[in-house]
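Student: Letter by letter, the sequence shown follows residues 24 to 144 in my numbering. Please find one structure pasted underneath; my questions will follow.
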Amino acid sequence: MRSLRGSAMQEEIQRLLSEIQRAKFTERRSEPRHPFVRPVRIYQKRDQVTIAFSKDMSAQGIGVISDVQWTPGTIADLWIHSTSGHPVCMRCEVRWTDNYGRGWFLTGWKFLSTVACPPGV
24 MRSLRGSAMQ
34 EEIQRLLSEI
44 QRAKFTERRS
54 EPRHPFVRPV
64 RIYQKRDQVT
74 IAFSKDMSAQ
84 GIGVISDVQW
94 TPGTIADLWI
104 HSTSGHPVCM
114 RCEVRWTDNY
124 GRGWFLTGWK
134 FLSTVACPPG
144 V
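Right, dumping it as structure tokens:
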């Protein structure tokens, strides 16, 4: 891995910051999203779990980073970590999935309803 110093390092940092700005200008959502980084468990079936992390959240849904390329229309239960005790359990639908780096995907999940979390969760 090459080492960058001085202006070369600043150019690379600026390139990443520019990516953030471009994403802001292409945003078309009506609901504001808020940074929200928490562990998330995604259950499509009770015995199939994907461990992931949230990226951001709005009143309508949540952005989740995982190593699974989810298909739009997929329904799953998301168990979202809460700092106030038990997780928040929501039934959600995949609205979109984008590549987020080699082997990683950012998925937009729309909240459909709350679901009961299993006892002891």
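Just so you know, even glycine gets a beta-carbon here, dropped at the ideal spot from N, CA and C.
State the DSSP-derived secondary structure class of residue 38, mapped to helix, strand or coil.
Tutor: As a working mapping, residue 38 is identified with position 15 in the sequence shown. In this structure, residue 38 counts as helix in the three-state DSSP scheme.
Student: What is the C-beta distance between residue 94 and residue 112, in whole angstroms, given that I count them as a contact (C-beta under 8 Å)?
Tutor: Taking the sequence shown and counting its residues from 1, the one referred to as residue 94 is at position 71. Taking the sequence shown and counting its residues from 1, the one referred to as residue 112 is at position 89. Actually they are not in contact, since the Cβ atoms of residue 94 and residue 112 sit about 22 Å apart, beyond 8 Å.
Student: Looking at the secondary structure, which residues open and close the beta strand (DSSP E) in which residue 123 lies?
Tutor: Taking the sequence shown and counting its residues from 1, the one referred to as residue 123 is at position 100. Element bounds for residue 123: n/a, residue is neither H nor E.
Student: What are the partner residues of residue 116, as DSSP defines its beta bridges?
Tutor: Mapped onto the sequence shown, residue 116 falls at position 93. Residue 116 is bridged to 98 and 133.
Student: Using a 10 Å radius around the Cβ and a threshold of 16 neighbouring Cβ atoms, would you call residue 119 buried or exposed?
Tutor: Position 96 of the sequence shown, counted from the start, is the residue given in the question as residue 119. Its Cβ having fewer than 16 others within 10 Å, residue 119 is exposed.
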